[in-house]
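Take a look at the structure set out below.
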Amino acid sequence: MVEVYRTNIRDERQADFLVKRLQEKYPTYKINFDLEDCDNILRVEGKELSAQTEHICGILEDFGFKAIILEDIPNEVSNGIE
């Protein structure tokens, strides 16, 4: 399962710091940021991830950052094709 979050992380130093903190808690998860995306995306991939969503957001909040999970949007809606 993959969860995608919109964040207010702005630079690589912050992203690297947070990836390390998250991987301490979730060592089996794949975690990365895409700061080139306009939403400063955090991607987290792992088993039973949905149960951890609030905790992941809480870890970022503990360090003064925000994360909001992006809901799935079907392709027909997101690209205007019906």
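Under my numbering, the residues of the sequence shown are numbered 147 to 228, in order.
Built from N, CA and C at the ideal position, the CB exists for glycine as well.
Take the Cβ of residue i as the centre, count every other Cβ of all protein chains shown within 10 Å, and call the residue buried at 16 or more, exposed below.
i    : result
P211 : The sequence given here places Phe at residue 211; Pro does not occur at that position. Per the 10 Å Cβ criterion, buried.
L188 : buried
S174 : The sequence shown places Thr at residue 174, rather than the Ser named in the question. Classification for T174: exposed.
E222 : Annotation note: pLDDT 49 at E222 (below 50); position unreliable, coordinate value reported separately. Exposed is the call here.
N154 : exposed
From what residue to what residue does the alpha helix (DSSP H) around residue i run?
i    : result
K176 : That residue, K176, is in no alpha helix (DSSP H); its beta strand (DSSP E) goes K176 to D180.
L164 : E158 to K171
C203 : T199 to D208
Please name the residue, chosen from the options, that lies closest to residue i on a Cα-to-Cα basis.
i    : options                   : result
I177 : C184, D185, D183 and D162 : D162
Y172 : R156, E191, E182 and N186 : E191
Opposite residue i in the DSSP bridges: which residues?
i    : result
V190 : E149 and I177
A213 : T153
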